[in-house]
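Undergrad:
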Amino acid sequence: MKIATNIIIWLVGGLFIFSGLIKLNDPVGTEIKLEEYFDVFADDFRDKIMVNGQLKGSENTSMSDFFEALKPYSLSFAILMSALEVIWGFSLLIRFRPKLTLWSLFLLILFFTGLTFYSWYYNKVTDCGCFGDAIKLQPFQSFMKDIVLTTLIGFLLWQSRNIAPNDKKWAWGSNILVSIIAFGSGIYAVNYLPFIDFMPYKVGNNIPALMKPKEPLRYQNKYIYSNLQTKQDEEYTEKEFTAQWDKKLADSTKYKYKDFKQELLNPEAQSKIGADFVWIDGDTTTTKQMFKGNKLILVFSDLKKIDPKKYKNLSPVLKSLKDSGIEPIGLSSDKVNLEIICHEYQLPMEHHSMDAKILKAMIRSNPGILLLKDGIVKGKWHYNSLPNLNELKAKL
Numbered sequence: 007m008k009i010a011t012n013i014i015i016w017l018v019g020g021l022f023i024f025s026g027l028i029k030l031n032d033p034v035g036t037e038i039k040l041e042e043y044f045d046v047f048a049d050d051f052r053d054k055i056m057v058n059g060q061l062k063g064s065e066n067t068s069m070s071d072f073f074e075a076l077k078p079y080s081l082s083f084a085i086l087m088s089a090l091e092v093i094w095g096f097s098l099l100i101r102f103r104p105k106l107t108l109w110s111l112f113l114l115i116l117f118f119t120g121l122t123f124y125s126w127y128y129n130k131v132t133d134c135g136c137f138g139d140a141i142k143l144q145p146f147q148s149f150m151k152d153i154v155l156t157t158l159i160g161f162l163l164w165q166s167r168n169i170a171p172n173d174k175k176w177a178w179g180s181n182i183l184v185s186i187i188a189f190g191s192g193i194y195a196v197n198y199l200p201f202i203d204f205m206p207y208k209v210g211n212n213i214p215a216l217m218k219p220k221e222p223l224r225y226q227n228k229y230i231y232s233n234l235q236t237k238q239d240e241e242y243t244e245k246e247f248t249a250q251w252d253k254k255l256a257d258s259t260k261y262k263y264k265d266f267k268q269e270l271l272n273p274e275a276q277s278k279i280g281a282d283f284v285w286i287d288g289d290t291t292t293t294k295q296m297f298k299g300n301k302l303i304l305v306f307s308d309l310k311k312i313d314p315k316k317y318k319n320l321s322p323v324l325k326s327l328k329d330s331g332i333e334p335i336g337l338s339s340d341k342v343n344l345e346i347i348c349h350e351y352q353l354p355m356e357h358h359s360m361d362a363k364i365l366k367a368m369i370r371s372n373p374g375i376l377l378l379k380d381g382i383v384k385g386k387w388h389y390n391s392l393p394n395l396n397e398l399k400a401k402l
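The following block contains the structure:
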């Protein structure tokens, strides 16, 4: 039993440390995921207004207002939650106050299990973000992972009386050091950029190439019929449909057509960057031009959250590009207001509109800068480390 306990301690502690470090690498990504959860919860708690059986609107309730009020604190929650995963995981490994640590981890995993169950059962948030953007898990996979962890932590709680606590000075000191490193790395990643970029827009990637599938996508047609006797839906492939048509499916007293869908057989071949990487104004020719020559892409993922001082600091960078062979392009989900801002703060650049989700994925900075050469990402900069012209040229 002692050997099993030690193995589980290392497994659980190591997994929480890994999960926390992945999220601390990119707290903004975790913030985006938490905002998605808060939006979904707020919508679920709104009173729905139905007219003649059709949804006509909704009204806020105290619970929907509560989740809306949490959204501005998503980033703080992201750093706190991720840091605690690392701290408590490390505490478990060194047996520092094991009972308190195990109860803390147990409550945390119950919280995660509730989220992943909700994601899976209601199909509301299709990626829980358990391991950030480094490892993508399907909702059911995430839920089962949390069920296993809950069971393992429950076992450790049962065995906690046999886990000798480590209250030595070095344990206290190392725990404090790990706490400082955990919170410090999260804060650093927010104010600069992730230590490791797991997004498809990372330095060195060829955006146009990643917009194409690795191989031709293969689909399988599926016909869905309702069995009027069993009240169950039945799925049939193209071959099965042809074989069963004359035998039973043609009988409208027993079967009723419900739906048709295409199932992707090789999802791993899908493009890393989807077809939605286009400018909303519909000028696809101009979108292609972004991948020709040297382009400095300024990403404004949320104009409402940008301090006006930042626009003033961007102006010298843009003006230095004159006659440099580097063309600046501004992207925002709000093209109208970006145009007004460009005029007001003298930001000489072409500007277009793009989906906010794409902008947030491109760079974890608002505003942020990407340098492209023929569609290849040559450099990325957070607003707090704006490049000068020499730095830009050195990357090309």
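Here our numbering is used: position 282 in the sequence shown is 288, and no number is missing along the way.
Heads up, the beta-carbon is just placed ideally off N, CA and C, and yes, glycines get one too.
(1) Taking C-beta to C-beta, are Met296 and Gly210 nearer than 9 Å?
(2) Please determine, among Lys174, Tyr261, Leu30, the residue with the shortest C-alpha to C-alpha distance to Ile193.
(3) What did DSSP end up calling Leu392 once you bin it into helix, strand or coil?
(4) Could you give the uninterrupted runs of the alpha helix (DSSP H) lying entirely in the region 134-213, keeping only those of 4 residues or more?
(5) Within the region 53-132, note down every full beta strand (DSSP E) run reaching 3 residues or more, in order along the chain.
(6) Can you give me the Cβ contacts of Lys379 inside the same chain, cut-off strictly under 7 Å, excluding the 5 residues immediately before and after it?
(7) Just reading off the beta strand (DSSP E) that Gly381 is part of, what are its end residues?
(8) Any contact between the region 15-30 and the region 130-148? By contact I mean 3 or more CB pairs, one from each, below 8 Å.
(9) Output needed for Tyr351: all residues of its chain with C-beta closer than 7 Å, excluding positions within five of it in sequence on either side, in chain order.
(10) For Lys298, which residues in the same chain have their Cβ closer than 7 Å to its Cβ, ignoring the five residues on either side in sequence?
(11) Exposed or buried, what is His349 when buried is set at 16 or more other beta-carbons lying within 10 Å of its beta-carbon?
(12) How many whole angstroms separate the CB atoms of Ile15 and Leu99, which I take to be in contact at a CB cut-off of 8 Å?
(13) Tell me the rounded alpha-carbon separation between Ala170 and Ser391.
(14) Determine the direct distance from the alpha carbon of Gly331 to that of Pro354, and round the result to whole angstroms.
(15) I'd like the list of long-range same chain contacts for Tyr198, defined as Cβ closer than 7 Å, with 5 residues on each side in sequence excluded.
(16) If you follow the alpha helix (DSSP H) that Gly26 is part of, which residue opens it and which one closes it?
(17) How is the alpha helix (DSSP H) around Asn343 delimited, first residue to last?
(18) Where does Asp257 sit, in a helix, a strand or coil, going by DSSP?
(19) Shortest alpha-carbon distance to Trp164 belongs to which of Lys105, Trp178, Thr119?
(20) Name the residue from Ser125, Lys386, Leu309, Leu377 whose alpha carbon lies nearest to the alpha carbon of Ser359.
(21) Quick one: what's got a C-beta closer than 6 Å to Phe247's C-beta in the same chain, skipping five residues either side?
(22) Is it right to say Asp32 is buried, meaning 16 or more other beta carbons lie within 10 angstroms of its own, or is it exposed?
(23) With C-beta atoms as the reference, is Lys254 less than 9 Å away from Tyr263?
(24) If I'm right that Val323 touches Val196 with Cβ under 8 Å, what's the distance once you round it to whole angstroms?
(25) Contact defined as beta carbons within less than 8 Å: I believe Phe44 pairs with Thr67. What is the distance between those atoms, to the nearest angstrom?
(26) Which residue's Cα is closest to the Cα of Ile115: Leu395, Glu41, Val18, Ser82?
(27) Return the first residue and the last residue of the beta strand (DSSP E) that Thr243 is part of.
(28) By DSSP, does Leu327 sit in helix, in strand, or in coil?
(29) Taking Cβ to Cβ, would you say Ser70 is nearer than 9 Å to Ala48?
(30) What do you reckon, are the CB atoms on Phe102 and Leu40 nearer than 9 Å?
(31) From the DSSP output, which residues share a beta bridge with Trp387?
TA: The short version:
(1) no
(2) Leu30
(3) coil
(4) 145-164, 175-197
(5) 53-57, 60-65
(6) Asn300, Leu402
(7) Looking at the DSSP string, Gly381 is not in any beta strand (DSSP E), and its letter there is neither H nor E.
(8) yes
(9) Within the same chain, Tyr351 has close Cβ partners Tyr317, Lys318, Ser321.
(10) Asp380
(11) exposed
(12) 7 Å
(13) 47 Å
(14) 14 Å
(15) Taken in chain order, the residues that qualify are His388, Asn390, Ser391.
(16) 8-31
(17) 341-350
(18) coil
(19) Lys105
(20) Leu309
(21) Tyr229
(22) buried
(23) no
(24) Actually they do not touch by this definition, with Cβ atoms about 21 Å apart.
(25) About 14 Å; that fails the 8 Å criterion.
(26) Val18
(27) 238-243
(28) coil
(29) In this structure, Ala48 lies closer than 9 Å to Ser70 by Cβ.
(30) Result no, Cβ atoms of Phe102 and Leu40 do not sit closer than 9 Å.
(31) Residue pairing by DSSP places Trp387 opposite Ile375 in a beta bridge.
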